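To start, the structure under review is shown below, and the notes come after it.
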Amino acid sequence: MATTYATVTWDQLHRDARTLAETLMSRGPFKGIVAITRGGLIPAAILARELDCRLIESISVVTYDEESKGAPKIIKDPQAAGDGEGFLVVDDLVDSGITARVVRERLPKALFACLYAKPTGKPLTDLFVMEVPQDTWVLFPWDTAPLFIAPLAKKATNGN
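Add 27 to the 1-based position in the sequence shown for our numbering, that's all there is to it.
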(Lines of atoms letter the chains of each structure in order from A; the text may use other names.)
(Lines give C-alpha, C1' and ligand atoms only; values in the text may rest on other atoms or scores of the structure.)
Protein backbone atom coordinates (compact mmCIF):
# COMPACT_ATOMS: atom_id res chain seq x y z
CA MET A 28 0.00 0.00 0.00
CA ALA A 29 1.21 3.49 -0.77
CA THR A 30 2.64 5.41 2.14
CA THR A 31 2.69 8.85 0.54
CA TYR A 32 0.47 10.79 -1.84
CA ALA A 33 1.29 13.14 -4.70
CA THR A 34 -1.44 15.37 -6.07
CA VAL A 35 -1.25 16.38 -9.72
CA THR A 36 -3.24 19.49 -10.58
CA TRP A 37 -4.83 20.21 -13.97
CA ASP A 38 -2.16 22.87 -14.59
CA GLN A 39 0.67 20.47 -13.74
CA LEU A 40 -0.79 17.73 -15.89
CA HIS A 41 -1.07 20.09 -18.85
CA ARG A 42 2.50 21.38 -18.38
CA ASP A 43 3.85 17.84 -18.16
CA ALA A 44 1.91 16.75 -21.25
CA ARG A 45 3.32 19.72 -23.20
CA THR A 46 6.83 18.84 -21.98
CA LEU A 47 6.31 15.31 -23.26
CA ALA A 48 4.99 16.68 -26.57
CA GLU A 49 8.14 18.77 -27.02
CA THR A 50 10.27 15.63 -26.66
CA LEU A 51 7.99 13.69 -29.01
CA MET A 52 8.24 16.30 -31.77
CA SER A 53 11.56 14.80 -32.89
CA ARG A 54 10.10 11.25 -32.86
CA GLY A 55 7.11 11.93 -35.13
CA PRO A 56 5.10 12.44 -37.09
CA PHE A 57 2.83 9.70 -35.79
CA LYS A 58 0.11 7.92 -37.75
CA GLY A 59 -2.02 8.03 -34.63
CA ILE A 60 -2.18 7.86 -30.87
CA VAL A 61 -3.46 4.99 -28.73
CA ALA A 62 -4.68 6.12 -25.32
CA ILE A 63 -4.66 3.55 -22.54
CA THR A 64 -8.00 3.98 -20.80
CA ARG A 65 -8.83 5.56 -18.61
CA GLY A 66 -5.85 7.54 -17.37
CA GLY A 67 -4.26 8.00 -20.77
CA LEU A 68 -7.30 9.66 -22.36
CA ILE A 69 -6.67 13.23 -21.23
CA PRO A 70 -2.89 13.20 -21.79
CA ALA A 71 -3.55 11.68 -25.24
CA ALA A 72 -5.95 14.52 -26.11
CA ILE A 73 -3.36 17.12 -25.11
CA LEU A 74 -0.62 15.34 -27.06
CA ALA A 75 -2.88 14.98 -30.11
CA ARG A 76 -3.43 18.72 -30.12
CA GLU A 77 0.23 19.59 -29.63
CA LEU A 78 1.43 17.08 -32.23
CA ASP A 79 -1.39 17.86 -34.68
CA CYS A 80 -2.48 14.23 -34.73
CA ARG A 81 -6.11 13.50 -35.63
CA LEU A 82 -6.32 9.71 -35.32
CA ILE A 83 -6.85 8.70 -31.70
CA GLU A 84 -7.55 5.10 -30.73
CA SER A 85 -7.92 3.54 -27.32
CA ILE A 86 -7.07 0.29 -25.64
CA SER A 87 -8.74 -0.89 -22.44
CA VAL A 88 -7.10 -3.42 -20.18
CA VAL A 89 -8.62 -4.77 -16.97
CA THR A 90 -6.62 -6.63 -14.36
CA TYR A 91 -9.34 -7.21 -11.81
CA ASP A 92 -13.02 -7.85 -11.36
CA GLU A 93 -15.30 -6.86 -8.51
CA GLU A 94 -13.80 -9.47 -6.19
CA SER A 95 -10.12 -9.97 -6.94
CA LYS A 96 -7.13 -9.46 -9.17
CA GLY A 97 -7.04 -11.66 -12.21
CA ALA A 98 -5.08 -12.08 -15.41
CA PRO A 99 -4.91 -8.86 -17.45
CA LYS A 100 -7.41 -8.84 -20.29
CA ILE A 101 -7.92 -6.47 -23.22
CA ILE A 102 -11.59 -5.49 -23.30
CA LYS A 103 -11.28 -2.88 -26.09
CA ASP A 104 -8.77 -3.43 -28.88
CA PRO A 105 -7.20 -0.59 -30.91
CA GLN A 106 -8.05 -1.96 -34.35
CA ALA A 107 -6.70 1.00 -36.34
CA ALA A 108 -3.26 0.68 -34.77
CA GLY A 109 -2.35 -2.70 -36.26
CA ASP A 110 0.92 -3.80 -34.64
CA GLY A 111 1.60 -0.26 -33.47
CA GLU A 112 4.02 0.79 -36.19
CA GLY A 113 3.99 4.57 -36.44
CA PHE A 114 1.70 4.90 -33.40
CA LEU A 115 2.25 6.54 -30.05
CA VAL A 116 0.83 4.80 -26.96
CA VAL A 117 -0.01 7.18 -24.12
CA ASP A 118 -0.79 6.63 -20.46
CA ASP A 119 -0.82 8.86 -17.40
CA LEU A 120 1.32 6.57 -15.23
CA VAL A 121 3.19 3.31 -15.52
CA ASP A 122 3.12 1.74 -12.07
CA SER A 123 3.64 -2.01 -11.72
CA GLY A 124 3.89 -2.47 -15.48
CA ILE A 125 1.10 -5.05 -15.72
CA THR A 126 -1.01 -2.98 -18.12
CA ALA A 127 2.03 -1.69 -20.01
CA ARG A 128 3.27 -5.24 -20.60
CA VAL A 129 -0.07 -6.30 -22.11
CA VAL A 130 -0.18 -3.20 -24.31
CA ARG A 131 3.41 -3.71 -25.46
CA GLU A 132 2.62 -7.29 -26.43
CA ARG A 133 -0.39 -6.11 -28.43
CA LEU A 134 1.42 -3.12 -30.03
CA PRO A 135 5.09 -4.19 -30.18
CA LYS A 136 6.12 -1.55 -32.75
CA ALA A 137 4.55 1.46 -31.00
CA LEU A 138 6.40 4.11 -29.05
CA PHE A 139 5.20 4.04 -25.41
CA ALA A 140 5.12 7.35 -23.53
CA CYS A 141 3.61 8.39 -20.24
CA LEU A 142 3.67 11.37 -17.95
CA TYR A 143 4.87 9.61 -14.82
CA ALA A 144 6.74 6.37 -14.18
CA LYS A 145 7.42 4.36 -11.05
CA PRO A 146 10.63 2.31 -10.82
CA THR A 147 8.94 -1.07 -11.38
CA GLY A 148 7.17 0.08 -14.54
CA LYS A 149 9.87 2.42 -15.86
CA PRO A 150 11.60 -0.19 -18.07
CA LEU A 151 8.33 -0.69 -19.97
CA THR A 152 8.06 2.90 -21.20
CA ASP A 153 10.16 4.62 -23.86
CA LEU A 154 9.60 8.16 -22.59
CA PHE A 155 8.24 9.75 -19.44
CA VAL A 156 8.36 13.18 -17.84
CA MET A 157 8.88 12.43 -14.16
CA GLU A 158 9.77 9.47 -11.97
CA VAL A 159 7.60 8.86 -8.92
CA PRO A 160 8.63 6.69 -5.95
CA GLN A 161 7.05 3.23 -5.98
CA ASP A 162 5.30 3.77 -2.63
CA THR A 163 3.59 7.00 -3.78
CA TRP A 164 -0.08 7.05 -4.71
CA VAL A 165 -0.61 9.61 -7.48
CA LEU A 166 -3.88 11.53 -7.22
CA PHE A 167 -4.87 12.85 -10.64
CA PRO A 168 -7.26 15.77 -11.12
CA TRP A 169 -10.06 13.42 -12.15
CA ASP A 170 -9.60 11.48 -8.89
CA THR A 171 -10.21 14.47 -6.64
CA ALA A 172 -12.76 17.23 -6.26
CA PRO A 173 -12.41 20.65 -4.74
CA LEU A 174 -14.49 20.98 -1.61
CA PHE A 175 -15.67 24.07 0.18
CA ILE A 176 -14.03 24.53 3.55
CA ALA A 177 -15.47 27.13 5.91
CA PRO A 178 -13.10 29.87 7.03
CA LEU A 179 -11.63 29.35 10.49
CA ALA A 180 -13.54 32.37 11.84
CA LYS A 181 -16.85 30.75 10.79
CA LYS A 182 -15.91 27.50 12.48
CA ALA A 183 -15.10 29.33 15.72
CA THR A 184 -18.52 31.06 15.84
CA ASN A 185 -20.39 27.82 15.14
CA GLY A 186 -18.58 26.00 17.90
CA ASN A 187 -17.01 23.52 15.49
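Beta carbons: idealized from backbone N, C-alpha and C, even for Gly.
This structure is a prediction, so every number in the text was calculated from the model and none was measured.
- Sixteen is the threshold: since fewer than 16 other Cβ atoms of the shown chains lie within 10 Å of the Cβ of K136, the residue is exposed.
- L74 and T64 have their C-alpha atoms some 15 Å from each other.
- Between T36 and the set L179, P70, A62, A98, the nearest pair of CA atoms involves P70.
- Looking at the backbone, the Cα of R76 and that of R45 are separated by about 10 Å.
- A contact between stretches requires three or more CB pairs, one per stretch, nearer than 8 Å, and the region 169–176 fails this requirement with the region 131–147.
- Here G124 really is in contact with L151; their C-beta atoms are around 5 Å apart, less than 8 Å.
- Under the DSSP definition of a beta bridge, G59 partners with F114.
- With a cutoff of 8 Å on beta-carbon distance, G66 and F139 are scored as not near each other.
- Looking at the DSSP output, M157 shares a beta bridge with Y143.
- Contact annotation: I86 and R133 have beta-carbon atoms nearer than 8 Å.
- Taking a 10 Å sphere around the C-beta of P160, we find fewer than 16 other C-beta atoms and assign the residue as exposed.
- Rounded to the nearest whole angstrom, the C-alpha separation of Q106 and V117 is 16 Å.
- A distance below 8 Å separates the beta carbons of L154 and T50.
- G55 has its alpha-carbon roughly 20 Å from the corresponding atom of D119.
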